[in-house]
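Notes to accompany the following structure.
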Amino acid sequence: VLLDPKGRDFSRYKGATLITPNWSEFEAVAGACGNNAELEAAAFKLIEDCELSHLLVTRGEQGMSLAASDQQVHHLPTRAREVFDVTGAGDTVIATLAVAMAAGQPVEAATALANLAAGIVVGKLGTASVSARELQRGLLEQRLAEHGVVSEEDLLLLVDAARDRGERIVFTNGCFDLLHAGHVTYLEQASKLGDRLVVAVNVDETVRQLKGPERPVNPLENRMHVLAALGFVDWVLPFAEETPERLICRLKPDLLVKGGDNDPDAIPGAGCVREAGGEVRVLSYIDGVSTTSIVDSIKQGS
Numbered sequence: 489v490l491l492d493p494k495g496r497d498f499s500r501y502k503g504a505t506l507i508t509p510n511w512s513e514f515e516a517v518a519g520a521c522g523n524n525a526e527l528e529a530a531a532f533k534l535i536e537d538c539e540l541s542h543l544l545v546t547r548g549e550q551g552m553s554l555a556a557s558d559q560q561v562h563h564l565p566t567r568a569r570e571v572f573d574v575t576g577a578g579d580t581v582i583a584t585l586a587v588a589m590a591a592g593q594p595v596e597a598a599t600a601l602a603n604l605a606a607g608i609v610v611g612k613l614g615t616a617s618v619s620a621r622e623l624q625r626g627l628l629e630q631r632l633a634e635h636g637v638v639s640e641e642d643l644l645l646l647v648d649a650a651r652d653r654g655e656r657i658v659f660t661n662g663c664f665d666l667l668h669a670g671h672v673t674y675l676e677q678a679s680k681l682g683d684r685l686v687v688a689v690n691v692d693e694t695v696r697q698l699k700g701p702e703r704p705v706n707p708l709e710n711r712m713h714v715l716a717a718l719g720f721v722d723w724v725l726p727f728a729e730e731t732p733e734r735l736i737c738r739l740k741p742d743l744l745v746k747g748g749d750n751d752p753d754a755i756p757g758a759g760c761v762r763e764a765g766g767e768v769r770v771l772s773y774i775d776g777v778s779t780t781s782i783v784d785s786i787k788q789g790s
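Count along the sequence shown from 1, add 488, and you get the number used in the numbering used here.
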């Protein structure tokens, strides 16, 4: 039994599984709490007096505090990026808790999901709801810490969320074998053209087709890991086709970037990007710096 309490008599909720007072409702019953220790003591007393299993206090910009009958407590920071309207946030919390717990999630996991849902809904104007897709995107962003190697499907969710925030998506691709100063300079320049940089990486088989049987020097997983470690690269993913045109047409980045002396009109995916209102741009490489020249120098012992 989950309840969103009203009034100052919490004894009417005796025996409930969980109640979810907001900060003002909690202090009206438990008394003023100046710090977490006082909050915890008051929460445990209410749990004992009302024979509750759990008590969740929603605290606005302070997040949430979940107290349990076994004297355990979890303080969760707010997940809201921006707050436009708190209308309906409490309803969102208890509804998400109910759905998650009905699906078999422990109360701690359900509370974390409810915290995420509330953070999403307060970023909307008016009484709003949160969709399953929005929760899925939020969980994904949380897991990836907004940075790292992703699958194609995960990338689409992340890009959708970024666009909802008004962010500009930049896309580039390549082999990126033996990452060198030329690569780093090029990627850093590309990142400055937007808010999010996506880097698609050729799988090992297509690198061999493009560069020869002795390449790549670094296997795919290593190449992606190194790229993802660059602070100005947001998301990295592999592609197995000869070109990333299918991926580009599905993603529709705001800006498609390539390096060297490529003809912008001949870059795979350029047509899809332009049809969607995006741009195609070619950036210069650093002269004399390439993976091939590095490999040749190593072979020659110089």
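Glycine included, each C-beta is placed from N, C-alpha and C at the ideal position.
From a predicted model like this one, the values you see are computed outputs, not experimental measurements.
Please tell me whether residue i has its Cβ less than 9 Å away from any Cβ of chain D.
i	result
T566	Absent here is chain D; the protein component of the structure consists of one chain.
Since residue i sits in a beta bridge, which residues does DSSP pair it with?
i	result
S553	V545 and H563
L685	V658
F727	N690
E767	L743
I755	None, per the DSSP bridge assignment.
G748	Answer by DSSP bridge pairing: none, since G748 is not bridged.
I507	L491 and L543
G636	W723
Using CA atoms only, rank isn't needed, just tell me which of the options is closest to residue i.
i	options	result
G759	L540, K740 and V724	K740
I755	E733, A764 and N706	E733
L623	G654, D751, T580 and D665	T580
S499	E641, V517 and R684	V517
S803	L544, Q593, M712 and P752	Limits of the chain in this structure are 489 at one end and 790 at the other, which puts residue 803 out of reach.
H668	N706, S557 and L627	N706
V691	E729, G670 and D683	E729
N661	G747, L506 and P565	G747
R625	V761, S617 and E641	E641
T546	D683, G592 and A577	A577
E515	V610, K533 and V618	K533
R653	R684, L601, V672 and Q677	R684
T731	R496, V618, G757 and V638	G757
E528	Q593, T615, K680 and S553	S553
E655	G682, Q677 and V638	G682
E549	T566, S557 and C538	T566
S639	D749, H542, S557 and L735	L735
L627	Y501, T615 and A600	A600
So residue i packs on residue j, CB below 8 Å; how close in whole Å?
i	j	result
A650	I657	6 Å
N603	G551	7 Å
T584	A605	4 Å
L666	L718	Wrong, their Cβ atoms sit about 15 Å apart, outside the cutoff.
F727	A688	5 Å
L643	L725	6 Å
L540	A504	6 Å
R703	R711	With a Cβ gap of about 11 Å, R703 and R711 do not count as contacting.
K742	G766	Checking the sequence shown, residue 742 turns out to be Asp, not Lys. Right, their Cβ atoms sit about 5 Å apart.
I582	D497	With a Cβ gap of about 19 Å, I582 and D497 do not count as contacting.
A597	A586	Actually they do not touch by this definition, with Cβ atoms about 14 Å apart.
Distance, Cα to Cα, residue i vs residue j?
i	j	result
C737	G636	22 Å
D573	I608	Any reading at D573 must be qualified, since the residue scores a pLDDT of 47, below 50, and its modelled position is unreliable; the value itself is stated next. Roughly 11 Å between the two C-alpha positions.
V489	V686	45 Å
E763	K494	54 Å
S772	N510	56 Å
I535	E629	34 Å
K612	W723	26 Å
V745	V768	6 Å
L646	T508	31 Å
E693	F664	14 Å
D753	F659	16 Å
Q677	V761	19 Å
P701	V770	28 Å
T673	A531	55 Å
L506	S617	22 Å
V610	S619	13 Å
Q788	L708	25 Å
Y501	S557	15 Å
M538	G592	The sequence shown places Cys at residue 538, rather than the Met named in the question. If I take the Cα positions, the gap works out to 25 Å.
G614	S679	35 Å
H671	D749	15 Å
P594	K699	52 Å
R621	H542	28 Å
Answer yes if the stretch 545-561 comes into contact with the stretch 517-532, meaning at least three C-beta pairs across the two stretches below 8 Å, and no otherwise. yes
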